[in-house]
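Asks: Take a look at the following structure, please.
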Amino acid sequence: MPQLPPLKIGRLTINPPLILAPMAGISHSPFRRLVAGFKSPGLFFSEMLSARHLPYDVKKKSLWLQSSALEHPMAWQIVAPNPEEAALGAAHLTQAEIIDLNLACPAPNIARRRAGGHLLSDLKLTDSIIKAVRQAAPRAMTVKIRLGKKPDLLFLRELAAIIEENGVDAITLHPRLTTEKLKRRARWEYIGHLKTMVKIPVIGNGDVNSREDCLKMTAQTGCDGVMIGRAAVRRPWIFAEIGGTEQEISPEFLLRTYEELFNEIINFFPPRMAIGRIKEFTWHFSTNLKFGHRLAARLQSLKDLEACRDFIRKNFITAC
Ligand SMILES: Cc1cc2nc3c(=O)[nH]c(=O)nc-3n(C[C@H](O)[C@H](O)[C@H](O)COP(=O)(O)O)c2cc1C
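Under the numbering used here, the first residue of the sequence shown carries the number 66, and numbering increases by one thereafter.
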């Protein structure tokens with residue numbers, strides 16, 4: 066694969082310019098370490114963190130704020146509905162090299178709080194939240210956006226100008242509408258449009274599933290970095306593949322990889338939190354298996370970790 070030039074975010078050099086996406090319920094420390102064990106992306110992301118809970122999370126040394134030396138550098142993503150909460154959260158992230166502001170999430174619980182992607186319907190408020198984070202935390206700052214309510218270049222230009230004028234160091238665009246589910250095709254052409262609108266680096270995101278997709282996205286859009294989400298959950302070795310190392314995929318390899326994460330999750334989280342994370346990962350990872358959907362669906366009904374472990378031991382290889 067041709068060498069992609071490193072990405073600069075503030076004073077940080079992100080090399081390779083490949084980024085593991087923030088994914089609530091998935092991109093916790095055990096998952097990030099699993100990915101790093103194959104090959105690290107240039108930048109890791111935390112899951113989305115509620116800014117108003119951060120003072121409490123920091124005090125309690127919450128699991129969401131843990132990361133090892135392997136998961137480095139890291140961007141910590143916050144979500145907030147107003148400048149006050151955003152500033153409070155950002156000021157508490159003293160460990161962060163990069164703070165990312167979520168202006169993309171369409172989840173109903175985030176929309177009800179008028180945060181995430183919902184903010185794109187009020188650019189004045191968005192502007193004040195970006196300013197608040199910038200002022201509260203003297204460190205690199207990025208934002209992650211969607212397209213808003215409809216594909217609209219004038220809107221994108223206005224949003225991009227607000228972001229750039231506030232001194233944000235890079236923008237990630239996931240080019241779907243705020244209301245769209247992940248099944249609809251990501252509109253990569255908007256990443257190309259955004260690239261012509263700003264001087265700061267643009268990170269493209271959405272539907273990158275392989276080395277070829279990664280090359281295609283950079284060639285078609287001119288983006289400076291590529292963020293990968295679901296494909297990295299299905300194939301945590303994807304950054305090694307993009308770097309040119311082919312992975313031989315046997316049923317035994319898949320089971321070993323699955324069990325490695327299973328064990329890391331149960332060592333890291335208390336049981337009531339571990340089981341939900343294992344179930345969520347299984348939905349994605351089981352797409353590598355011929356009868357994976359059935360395996361994942363049956364796992365969902367199990368009530369405790371021992372039952373899950375037992376079920377996987379008995380059924381994983383036969384589902385391949
Ligand atoms: C389970 C799941 C959780 C997600 N959580 C977040 C999140 O916390 N913050 C965020 O900005 N995006 C989140 N996303 C969106 C991803 O970061 C990414 O934008 C989206 O999956 C498209 O990229 P992909 O096609 O590479 O998966 C999530 C996506 C998934 C599938």
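Using N, Cα and C, we set each Cβ at its ideal position, and we do this for glycine too.
Apart from the five residues on each side of it in sequence, which residues of its chain come closer than 8 Å, Cβ to Cβ, to Met338?
Replies: Here the question's residue 338 lines up with position 273 in the sequence shown. Excluding positions up to five away in sequence, the list reads Leu128.
Asks: Pick out the complete beta strand (DSSP E) segments inside the stretch 174-254, 3 residues or longer, and give them in chain order.
Replies: DSSP runs (the beta strand (DSSP E)) wholly in the stretch 174-254: 205-210 and 235-238.
Asks: Can you look up Met282 in the DSSP assignment and give me helix, strand or coil?
Replies: Here residue 282 is taken as the residue at index 217 of the sequence shown, counted from 1. Three-state result, Met282: helix.
Asks: Nearest by alpha-carbon distance to Asp192: which of Asp272, Gly232, Ala155 and Cys279 is it?
Replies: Here residue 192 refers to the residue found at position 127 of the sequence shown. The shortest C-alpha separation from Asp192 is found at Gly232.
Asks: Say yes only if the C-beta of Gly90 is nearer than 8 Å to one or more non-hydrogen atoms of ligand 2, and no if none qualify.
Replies: By its list of ligands, the structure shown excludes ligand 2, since it contains just ligand 1.
Asks: Would you kindly check if the distance between the Cβ of Leu319 and the Cβ of Leu354 is under 9 Å?
Replies: For the purposes of this step, residue 354 is taken as residue 289 along the sequence shown, with counting starting at 1. For the purposes of this step, residue 319 is taken as residue 254 along the sequence shown, with counting starting at 1. Yes, they are a contact pair.
Asks: Under three-state DSSP, which class holds Glu325?
Replies: Locating residue 325 in the sequence shown gives position 260, counting from the first residue. The answer is helix: DSSP assigns Glu325 an H, G or I state.
Asks: Determine, using beta-carbon pairs with one atom in the stretch 275-289 and one in the stretch 198-210, whether at least three such pairs fall under 8 Å.
Replies: Too few Cβ pairs lie closer than 8 Å, so no.
Asks: Leaving out five residues before and five after Ile211 in sequence, what residues of the same chain have Cβ atoms less than 6 Å from its Cβ?
Replies: Locating residue 211 in the sequence shown gives position 146, counting from the first residue. Just to set this straight, residue 211 is Arg in the shown sequence, not Ile. The residues are Ala169, Gly182, His239, Arg241 and Thr243.
Asks: Quick one: residues in its chain with C-beta nearer than 6 Å to the C-beta of Pro106, no 5 flanking neighbours on either side, listed in chain order?
Replies: Counting from 1 along the sequence shown, the entry for residue 106 is found at position 41. Excluding sequence neighbours, Pro106 sits near Leu83, Ile84, Leu85 and Phe304.
Asks: Hey, how far is the Cα of Arg249 from the Cα of Gln365?
Replies: Mapped onto the sequence shown, residue 249 falls at position 184. Mapped onto the sequence shown, residue 365 falls at position 300. Roughly 26 Å between the two C-alpha positions.
Asks: Go through its chain and collect everything with a Cβ distance to Glu311's Cβ below 6 Å, but skip five positions before and after it.
Replies: Taking the sequence shown and counting its residues from 1, the one referred to as residue 311 is at position 246. If we look at Glu311 and ignore the five residues flanking it on each side, it has no Cβ neighbours.
Asks: Would you report the Cα separation of Ser133 and Arg117, rounded to the nearest angstrom?
Replies: In the sequence shown, residue 133 corresponds to position 68, counting from 1. In the sequence shown, residue 117 corresponds to position 52, counting from 1. Answer to the nearest angstrom: the Cα atoms are 24 Å apart.
Asks: Can you have a look at Thr261 and say buried or exposed, based on whether 16 or more other CB atoms are within 10 angstroms of its CB?
Replies: Residue mapping note: residue 261 aligns to position 196 of the sequence shown, counting from 1. With fewer than 16 Cβ atoms within 10 Å of its Cβ, Thr261 is classed as exposed.
Asks: Could you pull out every residue in the same chain whose Cβ sits closer than 7 Å to the Cβ of Thr352, ignoring the five residues on either side in sequence?
Replies: Taking the first residue of the sequence shown as 1, we reach residue 352 at position 287. If we look at Thr352 and ignore the five residues flanking it on each side, its Cβ neighbours are Arg299.
Asks: Taking its Cβ as the centre, do 16 or more other Cβ atoms sit within 10 Å of Tyr323, making it buried, or is it exposed?
Replies: Residue mapping note: residue 323 aligns to position 258 of the sequence shown, counting from 1. Buried, since its Cβ has 16 or more Cβ neighbours within 10 Å.
Asks: Curious, which full-length beta strand (DSSP E) runs of at least 3 residues does the stretch 96-179 contain?
Replies: Runs found: 109-115, 139-144 and 163-168.
Asks: Considering only heavy atoms of ligand 1, does any lie closer than 8 Å to the CB of Pro106?
Replies: Taking the first residue of the sequence shown as position 1, residue 106 is located at position 41. The answer is no for Pro106.
Asks: Between the C-alpha atoms of Glu329 and Pro95, what's the straight-line distance to the nearest angstrom?
Replies: By one-based count along the sequence shown, residue 329 stands at place 264. By one-based count along the sequence shown, residue 95 stands at place 30. Rounded to the nearest angstrom, the two C-alpha atoms are 6 Å apart.
Asks: Taking Lys158 as the reference, give the member of Glu245, Leu166, Leu185 and Val123 with the closest Cα.
Replies: By 1-based counting over the sequence shown, the position of residue 158 is 93. One detail in the question is off: residue 158 reads as Leu in this sequence, not Lys. Answer by Cα proximity: Val123.
Asks: Leaving aside the five residues before and after Ala152 along the sequence, list all residues of the same chain whose C-beta is less than 6 Å from its C-beta, in chain order.
Replies: On the sequence shown, position 87 is the one that residue 152 refers to. Cβ neighbours of Ala152 beyond the five flanking positions: Ala197 and Ala201.
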